[in-house]
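These notes concern the structure reproduced below.
Protein chains: 2
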Amino acid sequence: MEQGNIVKKRRHMKILELISSQDIETQDDLSELLRIAGFEVTQATVSRDIRELKLTKSADENGIYKYTISQSEDDKSIGKYGFILRETVVSCEKAHSLVVVKTISGMANAACAAIDHMQWPHVVGTIAGDDTIFIAVKEPEDVKNVVEALNSILSRA
Amino acid sequence: MEQGNIVKKRRHMKILELISSQDIETQDDLSELLRIAGFEVTQATVSRDIRELKLTKSADENGIYKYTISQSEDDKSIGKYGFILRETVVSCEKAHSLVVVKTISGMANAACAAIDHMQWPHVVGTIAGDDTIFIAVKEPEDVKNVVEALNSILSRA
DNA sequence: TCACGGATTGAATAAAAATGCAATAGATTT
DNA sequence: AAATCTATTGCATTTTTATTCAATCCGTGA
Numbered sequence: 008m009e010q011g012n013i014v015k016k017r018r019h020m021k022i023l024e025l026i027s028s029q030d031i032e033t034q035d036d037l038s039e040l041l042r043i044a045g046f047e048v049t050q051a052t053v054s055r056d057i058r059e060l061k062l063t064k065s066a067d068e069n070g071i072y073k074y075t076i077s078q079s080e081d082d083k084s085i086g087k088y089g090f091i092l093r094e095t096v097v098s099c100e101k102a103h104s105l106v107v108v109k110t111i112s113g114m115a116n117a118a119c120a121a122i123d124h125m126q127w128p129h130v131v132g133t134i135a136g137d138d139t140i141f142i143a144v145k146e147p148e149d150v151k152n153v154v155e156a157l158n159s160i161l162s163r164a
Numbered sequence: 008m009e010q011g012n013i014v015k016k017r018r019h020m021k022i023l024e025l026i027s028s029q030d031i032e033t034q035d036d037l038s039e040l041l042r043i044a045g046f047e048v049t050q051a052t053v054s055r056d057i058r059e060l061k062l063t064k065s066a067d068e069n070g071i072y073k074y075t076i077s078q079s080e081d082d083k084s085i086g087k088y089g090f091i092l093r094e095t096v097v098s099c100e101k102a103h104s105l106v107v108v109k110t111i112s113g114m115a116n117a118a119c120a121a122i123d124h125m126q127w128p129h130v131v132g133t134i135a136g137d138d139t140i141f142i143a144v145k146e147p148e149d150v151k152n153v154v155e156a157l158n159s160i161l162s163r164a
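If you read the sequences in order, they're chains A and L.
With this note's numbering, the residue at position 92 of the first sequence is 99, and numbering never jumps.
With this note's numbering, the residue at position 147 of the second sequence is 154, and numbering never jumps.
Now the structure itself:
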């Protein structure tokens, strides 16, 4: 129950990818695109996903509606990257002088990009596999700080 | 029907005030509140107003939907909130160690929300009544800076 | 003043989104 | 493994929102 449903998380990520790469006007359109991408879902599920992801539909400058990632106060400090981490990271632990992050299958690269984007001063390098990320830090004592920083992001609403 | 162009602008401002001072779930609820406030409108008009104001409906932390002022135009947000301030603020003055802002009647909440969105570092707190806002700042000398910042926004074209 | 033209609006309706319910998939405990 | 939860989902339906169409309003220029 801590980890949740993997398929659902993958679908959520796909939804974020879809709405940030193209204009989507309706939930039906979105579920059709998800179906093409291999996610068999109905509009009802998309509606629930949208509530959980706190997506918004609003008019653009031409008055055309489209779904967008909302920028709530919470997200503002870390942007949508923190959001991606919360959606993909399963665990985050100290391992000797490295930080080892586990993600849901296939999501390590997305999560790693998010971590890189943070530009934390103590982080000197990252490597992403399929579901694992290694984070190298400057000093051994930085490991603890990075783990704490990550957990802080992961625990936000 | 005594509705006109100016009435529409006033209604738009009233909508901004309403959604920034309370949680509103549906357009029907909003049109009911507008009716109470003296604006006789149907849901159809509210739908159009919402498109024009680029408002969004999204879930809060509890999954309850409510209408909010869009932050999708974060680059232009100063302009957007500045617009609200210019439309509502009557005066802005230093009062001891506070900044006191007077607005047209009933608009303090909308204006206060706009000020809050500026996220000025010197501002530590705000309180809005019906037509008055108190702004608390960190240091006494910050009062002057905030008054100047506000006046700068108010004097823009 | 009167006629014209664009804007605004309400009523009705179409379109889109949210939800109650039941089935089932997954996890947890015994 | 069986029993028991909890979470997820689709279907059907309700609720909510957007739009169409016609009427009315407002400003403008003759």
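In this text, a Cβ means the ideal position worked out from N, Cα and C, and glycines have one as well.
Since the model is a prediction, treat every value here as computed from it, not as a measurement.
{"Asked": "Straight-line CA distance for R93 (chain L) to A117 (chain L)?", "Found": "11 Å"}
{"Asked": "Under 7 Å Cβ-Cβ, which residues of chain L neighbour G70 (chain A)?", "Found": "R58"}
{"Asked": "E62 (chain L) versus chain A: which residues are under 9 Å apart at the beta carbon?", "Found": "A small fix is needed here, since residue 62 (chain L) is Leu in this sequence, not Glu. Correct list: S65, A66."}
{"Asked": "Going along chain A, which residues have a C-beta under 7 Å from S77 (chain L)?", "Found": "S65"}
{"Asked": "Measuring straight from C-alpha to C-alpha, what distance separates V150 (chain A) and I160 (chain A)?", "Found": "16 Å"}
{"Asked": "Can you name the start and end residues of the alpha helix (DSSP H) that V53 (chain L) belongs to?", "Found": "50-60"}
{"Asked": "Give a yes or no on whether the minimum CB-CB distance between K15 (chain L) and chain A is below 8 Å.", "Found": "no"}
{"Asked": "For Q29 (chain A), count neighbouring Cβ atoms within 10 angstroms of its own Cβ and tell me buried if that reaches 16, exposed if not.", "Found": "exposed"}
{"Asked": "Counting only beta-carbon separations shorter than 8 Å, does D82 (chain L) have a partner in chain A?", "Found": "With a pLDDT of only 31 at D82 (chain L), under 50, the local geometry of the prediction cannot be trusted, and the value read off the model is given with reservation. Taking Cβ atoms only, chain A never reaches closer than 8 Å to D82 (chain L), which makes this a no."}
{"Asked": "Less than 8 Å between C-beta atoms, sequence neighbours within five positions excluded: which residues of the same chain meet that for K147 (chain L)?", "Found": "It is worth fixing the name first, because residue 147 (chain L) is Pro in this sequence and not Lys. So the list reads S104, once near-sequence residues are dropped."}
{"Asked": "For the beta strand (DSSP E) that contains S28 (chain A), what are its first and last residues?", "Found": "Element bounds for S28 (chain A): not the beta strand (DSSP E) but the alpha helix (DSSP H), 13-28."}
{"Asked": "Please report the Cβ distance between T95 (chain A) and S65 (chain L), rounded to the nearest whole angstrom; I am assuming they are in contact, meaning their Cβ atoms lie under 8 Å.", "Found": "T95 (chain A) to S65 (chain L), Cβ: 22 Å. No contact."}
{"Asked": "Tell me, please, which residues DSSP counts as bridged to F141 (chain A).", "Found": "A:V107, A:I134"}
{"Asked": "Let me check understanding here. Comparing Cα to Cα, which of A:I22, A:N158, A:S162 lies closest to S54 (chain A)?", "Found": "A:I22"}
{"Asked": "Between I91 (chain A) and I26 (chain A), how many whole angstroms is the CB-CB distance? I'm expecting something under 8 Å.", "Found": "That pair is no contact at about 13 Å."}
{"Asked": "Let me know the secondary structure DSSP gives E155 (chain A) once reduced to three states.", "Found": "helix"}
{"Asked": "For the alpha helix (DSSP H) that S38 (chain A) lies in, which residues bound it at each end?", "Found": "34-43"}
{"Asked": "Buried or exposed: which applies to V48 (chain L), given that a residue is buried once 16 or more other Cβ atoms fall within 10 Å of its Cβ?", "Found": "buried"}
{"Asked": "Please check the pair I134 (chain L) and V106 (chain L), which I expect to be a contact at CB under 8 Å, by giving their CB distance rounded to whole angstroms.", "Found": "Not confirmed; about 11 Å, so no contact."}
{"Asked": "Going straight from the alpha carbon of K101 (chain L) to that of A156 (chain A), what length do you get?", "Found": "40 Å"}
{"Asked": "Exposed or buried, which one is G70 (chain A) when buried takes at least 16 other CB atoms within 10 Å?", "Found": "exposed"}
{"Asked": "Check whether the Cβ atoms of Q34 (chain A) and I13 (chain A) sit closer than 8 Å, and answer yes or no.", "Found": "no"}
{"Asked": "Helix, strand or coil, according to DSSP, for E94 (chain A) in the structure here?", "Found": "helix"}
{"Asked": "Per DSSP, which one or two residues make a beta bridge with C99 (chain L)?", "Found": "L:V108"}
{"Asked": "Output the distance between the C-alpha atoms of E59 (chain L) and E59 (chain A), rounded to the nearest integer angstrom.", "Found": "26 Å"}
{"Asked": "What does the alpha-carbon distance come out to for the pair V108 (chain L) and D137 (chain L)?", "Found": "11 Å"}
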